[in-house]
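One structure below.
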Amino acid sequence: TSSETLVRSQRDAEVNGKTTHHIKYYNPFLKNIAWEDSPYMFIIHFAEINPAKDTKWSIKLEVSMKGSYQYISASEWPLMIFYMVMCIIYVLLGVLWLLLSACYWRDLLRIQFWIGGVIFLGMLEKAVYYAEFQSIRYDGLSVQGAVVFAEVLSAVKRTLARVLVIIASLGYGIVKPRLGALLHRVVGVGLLYLSFSIVEGVLRVNSAEDDLVLLAAIPLAVLDSTLCCYIFISLAQTMKLLRLRRNVVKLSLYRHFTNTLIFAVIASVVFIVWTTKTFKLSKCQSDWRELWIDDAFWRFLFSTILLVIMFLWRPSANNQRYAFSPLVDEVSDEEVAEQLMNEAFGKRKYIIGMGRKKV
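Sequential numbering of the sequence shown, starting at 1, is according to the UniProt record's numbering.
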C-alpha cells in the first residue's frame, strides 16, 4: 500500500568501479543521496505487483533535487552570490552618482545624465536576476516572465551603454555641441542593436534550438564588432582634433578612455579563447564549478568600464573644463583649419620643389 514505509529490497552492485544503488520503495516519498562531485544517473523502474490482473493505472512523478543550498544547483549558486554583490555595488554607485549630481547640478554635462541612466538600469537588472535565483533556490521553480524581463532590461542597458560610448567617442558635449546628422545614425544603430539583443536573449532563455540561438547571435556579434571599429575610428579623429587644438585637459581624458577600451577588447579576446578551449572544445566538462564565470565575466567587464567612465566624467566643480565652449572652440576650429591649410600648402610646395629638382 502507499502508506507502507518498509523497504522491500536493497542491494549494491559494482559497475565500472562505481557503486550503483538499487532500491525499491512503496513509500511515495523516495529519497536518495548523490555523490558530491561525480557524474551520476538515477533510474526509476515501474513494475506491476500482480501482472495477471489487467488494471488501469496512472503515475504522476515529480523529481526534485535538493542540496546544501536548497533547490538551486551547485553551478548556479556562485552566480546568485555574484548578482547579489553586483546589485549592492550598483546601489552604492547609484547613490554616489546621485549625491555628486545633486552637489554640482548647475554644471552637469549631458553625457552625465546618460551615465546615470546606465547605472539605474544596471541596478534594476541585477536585482531582477537575483530575485529569479532566489525563487529557484527556495521554490525550485523559475519564473519565466521574470527571466524574459531581466533579459530585456539587460538588452536595454547594453544598448544605452553602447550609445553612451559612441557619443562619447564622437565628442558630444565636449568637442561638439550637437551630433547633427550623426544623431539619426546613432539612434538607428541603437535600435538595431536593441532588436538583435532582445531576440538573442529571449531565444536563449527559452531554451530554443542551438542552431536558432546561434543564428540570432551571429548578427549581434557582427554588429558589436562593427561598432567597436567605428568607436576607435571616432576616438582617433576626436583625439586628433584635440591635439590640433592643443587642449591638453580634454586630450588626457580621451587618452584614458581609449586605453580603457583597448584593455576591454584585449581582455575579451583572451577570455573568448579560454572559454572556447575549456568549455566548447572539451569532450567532458570537468570544470563545471567554473561555468558561472562564462556569464559573470561579461557583466563584470561591463561594470569595470562603466566605473572608469564614471571616474573620468564624474560631476565636479571643474565640469566646465570638459564642456564645449563656443568661443574657445570656434577660435580653435579656425586655427585648426589654418594649420591644416598650411600643412597641405607646405606639402604641395615640397612636391613641386622635388619635381623641379628632377627636371
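All C-beta atoms in this analysis are idealised placements derived from N, C-alpha and C, irrespective of residue type, glycine included. Predicted, not measured: the structure shown is a model, and the values here were computed from it.
- Rounded to whole angstroms, the gap between the alpha carbons of L291 and W298 is 13 Å.
- Y230 sits in a helix when the DSSP states are folded into three classes.
- Here DSSP, grouped into helix, strand and coil, assigns G116 to helix.
- Taken atom to atom, the span from the alpha-carbon of I119 to that of L100 is near 14 Å.
- In the DSSP annotation of this structure, the continuous segment of the alpha helix (DSSP H) that includes I89 starts and ends at W77 to C103.
- Boundaries of the alpha helix (DSSP H) harbouring Y193: L182 to V205, taken from the DSSP string.
- About 14 Å separates the Cβ atoms of T226 and S169, ruling out a contact at the 8 Å cut-off.
- For L203, same chain residues with a beta-carbon under 8 Å away, outside a window of 5 residues either side, are L212, V213 and A216 in chain order.
- Exclusion of the five residues before and after G116 leaves W97 and S101 as the residues of its chain whose Cβ lies within less than 7 Å of its Cβ.
- Residue environment for K250: buried (at least 16 other C-beta atoms within 10 angstroms of its C-beta).
- Per DSSP, reduced to three states, the secondary structure at G67 is strand.
- With a contact defined as Cβ atoms closer than 8 Å, A155 and A131 miss out at about 18 Å.
- Within the model, the alpha-carbon separation for L194 versus P219 is close to 12 Å.
- Rounded to whole angstroms, Y83 and I293 show a C-alpha spacing of 12 Å.
- Cβ-Cβ distances below 6 Å link L235 to S169 and T258 in the same chain, with the five nearest sequence neighbours on each side left out; the list follows chain order.
- Taken in chain order, the whole alpha helix (DSSP H) runs of length 4 or more contained in the stretch 106–164 are 110–139.
- Beta-bridge pairing by DSSP links K176 to Y172.
- Collapsing the DSSP output to three states places W288 in a helix.
- Each residue's CA atom was taken as its position, placing R178 and M80 some 42 Å apart.
- DSSP places R243 in the helix class (H, G or I) of the three-state scheme.
- By the Cβ-count criterion, L61 is exposed, with fewer than 16 other Cβ atoms from all chains shown falling within 10 Å of its own Cβ.
- Contact between E125 and K157 holds: CB atoms are separated by about 6 Å, below the 8 Å threshold.
- Taking a contact to require three or more Cβ pairs closer than 8 Å, the stretch 62–79 and the stretch 271–283 do not qualify as touching.
- Under the three-state reduction of DSSP output, L281 falls in the coil class, being neither helix nor strand.
- In this structure, the beta-carbon distance from L164 to I309 falls below 9 Å.
- Assigned with DSSP and collapsed to three states, K250 falls in helix.
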